[in-house]
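> Take a look at the following structure, please.
Number of protein chains: 2
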Amino acid sequence: MKHNLDTVKQKLYDKDHKLTPQRRVILEVFTKSKEKHLSAEDVWGMVKKTYPEVGLATVYRTLDLFAELDVLHKMDFGDGRGRYEFCESEVHQHHHLICLNCGSVTEFEDDLLECLESEIEKKNHFKILNHELKFYGHCNKCH
Amino acid sequence: MKHNLDTVKQKLYDKDHKLTPQRRVILEVFTKSKEKHLSAEDVWGMVKKTYPEVGLATVYRTLDLFAELDVLHKMDFGDGRGRYEFCESEVHQHHHLICLNCGSVTEFEDDLLECLESEIEKKNHFKILNHELKFYGHCNKCH
DNA sequence: GTATCTGCAAACTCTTTGCAAAAAC
DNA sequence: GTTTTTGCAAAGAGTTTGCAGATAC
Numbered sequence: 008m009k010h011n012l013d014t015v016k017q018k019l020y021d022k023d024h025k026l027t028p029q030r031r032v033i034l035e036v037f038t039k040s041k042e043k044h045l046s047a048e049d050v051w052g053m054v055k056k057t058y059p060e061v062g063l064a065t066v067y068r069t070l071d072l073f074a075e076l077d078v079l080h081k082m083d084f085g086d087g088r089g090r091y092e093f094c095e096s097e098v099h100q101h102h103h104l105i106c107l108n109c110g111s112v113t114e115f116e117d118d119l120l121e122c123l124e125s126e127i128e129k130k131n132h133f134k135i136l137n138h139e140l141k142f143y144g145h146c147n148k149c150h
Numbered sequence: 008m009k010h011n012l013d014t015v016k017q018k019l020y021d022k023d024h025k026l027t028p029q030r031r032v033i034l035e036v037f038t039k040s041k042e043k044h045l046s047a048e049d050v051w052g053m054v055k056k057t058y059p060e061v062g063l064a065t066v067y068r069t070l071d072l073f074a075e076l077d078v079l080h081k082m083d084f085g086d087g088r089g090r091y092e093f094c095e096s097e098v099h100q101h102h103h104l105i106c107l108n109c110g111s112v113t114e115f116e117d118d119l120l121e122c123l124e125s126e127i128e129k130k131n132h133f134k135i136l137n138h139e140l141k142f143y144g145h146c147n148k149c150h
């Protein structure tokens, strides 16, 4: 699932939403930023560079909307603010190593959980839609 | 690691904290409540039944303190409020199935991750202190 | 032209903090 | 007696909402 302007436009129109310059710029921020896990305030700061009059409320509303359309994925690293990144797939995200000292977030991929899921689903009568695995500890800079 | 009044008392005294009636009652709430994942407001509601004049700030401060002493473990289920439960072990907590419809939280145990950890530590130069695994989906009531 | 979207300010929720009085030891 | 702890009220952070004007199509 690769998101470009056209696929997002389509998703918006499918649900009677419009493509506004604000939404376009917010989307651009995510394609261009090298930091992946952006908070609303982060996004706002970057959007204002090309669109200074944008409101923070618009950023929040847009991030919400994009999360609803499965364009962005909302995460929580326990620091009291939501973080957003592009949805990797329809189903599962990758996982995160979170440094308790400096707060840095590293990603890693793993398929081990997939095989666990069907077992857990059966045992608990629970339909799994997504999973989230986080390791907390100290990164190589903070040893 | 089983926490009773005496072990907690010891932990408090070890760090020059005092055992107050408020702290005693808050601890009791966790031993007596059948719902395990309590928010500060939850705890406050239950504490007030036996100690009506307690302040919410005291509850927050006590939960913080207990988390620092590894008596309680603070969690986050993505609903914008912190949740607390007894620490299961010095190292790792169990994991959670979170229903996206009704918000119910079920627990499950699994040791599969333990074997993953040393591999991840080596590959990423990351010292893992704790991990957190959550499955989001629909519980048996909400199918 | 009409429904959606925006910016602003105000409201809201959860949590933290400053302070003087109270309590633990 | 000293230090920690408490309750209160006020402040703080992050997020949401109501509304009138603006914009996409």
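Protein chains in written order, with my numbering: chain V, 8 to 150; chain W, 8 to 150.
For every residue, glycine included, the Cβ atom is placed at its ideal position computed from N, Cα and C.
Computed from a prediction, not measured in an experiment: that's the story for all the values here.
1) Report the residue from W/Phe73, W/Leu104, W/Asp77 whose alpha carbon sits nearest the alpha carbon of asparagine 137 of chain V.
2) If we define contact as Cβ-Cβ less than 8 Å, is tyrosine 43 of chain V a contact residue for chain W?
3) Whole angstroms are fine: how far does the CA of lysine 134 of chain W sit from the CA of threonine 113 of chain V?
4) Could you check whether tyrosine 67 of chain V and histidine 80 of chain V sit closer than 8 Å to each other, using their CB atoms as the reference points?
5) Do you know offhand how far aspartate 49 of chain V's Cα is from glutamate 75 of chain W's?
6) Using a C-beta to C-beta distance shorter than 8 Å, which residues of chain W count as neighbours of tyrosine 143 of chain V?
7) Just verifying my parser: in three-state terms, what is the DSSP assignment at lysine 141 of chain W?
8) So if I threshold CB-CB distances at 7 Å, which residues from the segment 74-87 of chain V count as touching chain W?
9) Going by DSSP in three states, tyrosine 20 of chain V sits in which element: helix, strand or coil?
10) If you count every other CB in all the chains shown that lies within 10 Å of the CB of arginine 30 of chain W, and 16 or more means buried, which is it?
11) Kindly list the residues whose CB is nearer than 7 Å to the CB of histidine 10 of chain V, restricted to its own chain and excluding five residues on each side of it in sequence; keep chain order.
12) Which residues mark the beginning and the end of the alpha helix (DSSP H) in which leucine 114 of chain V is found?
13) If the cut is a Cβ gap below 8 Å, which residues of chain W does leucine 107 of chain V touch?
14) Grouping DSSP H, G and I as helix and E and B as strand, with all else coil, what is aspartate 77 of chain W?
15) Less than 8 Å between the CB atoms is what I'm expecting for phenylalanine 142 of chain V and isoleucine 33 of chain W, so what's the real figure, rounded?
16) Cβ of cysteine 94 of chain V less than 8 Å from any chain W Cβ?
17) By the 10 Å Cβ neighbour count, where 16 or more other Cβ atoms means buried, how is threonine 14 of chain V classified, buried or exposed?
18) Determine, using beta carbons only, whether isoleucine 127 of chain V comes closer than 8 Å to chain W.
19) Return no unless some Cβ of chain V is closer than 8 Å to the Cβ of leucine 104 of chain W.
20) Does asparagine 147 of chain W come within less than 8 Å of chain V when only Cβ atoms are used?
So, to answer that:
1) In the first sequence, residue 137 of chain V corresponds to position 130, counting from 1. Among W/Phe73, W/Leu104, W/Asp77, the Cα nearest to that of asparagine 137 of chain V is on W/Leu104.
2) Counting from 1 along the first sequence, the entry for residue 43 of chain V is found at position 36. A quick correction: the sequence has lysine, not tyrosine, at residue 43 of chain V. No - not a single Cβ of chain W is within 8 Å of the one on lysine 43 of chain V.
3) Position 106 of the first sequence holds residue 113 of chain V. Position 127 of the second sequence holds residue 134 of chain W. Cα to Cα, the separation comes out at about 13 Å.
4) For this step, residue 80 of chain V is matched to residue 73 along the first sequence. For this step, residue 67 of chain V is matched to residue 60 along the first sequence. Their beta carbons are not under 8 Å apart, which means histidine 80 of chain V does not touch tyrosine 67 of chain V by this criterion.
5) The residue labelled residue 49 of chain V in the question sits at position 42 within the first sequence. The residue labelled residue 75 of chain W in the question sits at position 68 within the second sequence. Spanning the two alpha carbons is a distance of roughly 30 Å.
6) Taking the first sequence and counting its residues from 1, one reaches residue 143 of chain V at position 136. Near tyrosine 143 of chain V (Cβ distances below 8 Å), the residues of chain W are Ile135, Leu136, Asn137, His138, Glu139.
7) Here residue 141 of chain W corresponds to residue number 134 of the second sequence, with the count starting at 1. Lysine 141 of chain W: strand per DSSP, three-state reduction.
8) Asp83, Gly85
9) Translated into the one-based positions of the first sequence, residue 20 of chain V becomes position 13. The answer is helix: DSSP assigns tyrosine 20 of chain V an H, G or I state.
10) In the second sequence, counting from the first residue as 1, residue 30 of chain W sits at position 23. Per the 10 Å Cβ criterion, buried.
11) Residue 10 of chain V sits at position 3 when you count from the first residue of the first sequence. Around histidine 10 of chain V: Val78, Phe93.
12) Against the first sequence, residue 114 of chain V aligns to sequence position 107. The amino acid at residue 114 of chain V is misidentified as leucine; the sequence shows glutamate. Segment 112-115 is the beta strand (DSSP E) holding glutamate 114 of chain V; no alpha helix (DSSP H) there.
13) Against the first sequence, residue 107 of chain V aligns to sequence position 100. Near leucine 107 of chain V (Cβ distances below 8 Å), the residues of chain W are Leu136.
14) Translated into positions along the second sequence, residue 77 of chain W becomes position 70. Correct three-state label for aspartate 77 of chain W: coil.
15) The residue labelled residue 142 of chain V in the question sits at position 135 within the first sequence. The residue labelled residue 33 of chain W in the question sits at position 26 within the second sequence. At roughly 30 Å, the Cβ-Cβ gap does not stay under 8 Å, so phenylalanine 142 of chain V and isoleucine 33 of chain W are not in contact.
16) Translated into the one-based positions of the first sequence, residue 94 of chain V becomes position 87. Taking Cβ atoms only, chain W never reaches closer than 8 Å to cysteine 94 of chain V, which makes this a no.
17) Taking the first sequence and counting its residues from 1, one reaches residue 14 of chain V at position 7. Exposed, by the Cβ-count rule.
18) Locating residue 127 of chain V in the first sequence gives position 120, counting from the first residue. Chain W, which has a Cβ nearer than 8 Å to the Cβ of isoleucine 127 of chain V, makes this yes.
19) As a position in the second sequence, residue 104 of chain W is number 97, starting the count at 1. So, interface residue.
20) Along the second sequence, one-based indexing puts residue 147 of chain W at 140. Judged by the 8 Å Cβ criterion, asparagine 147 of chain W is in contact with chain V.
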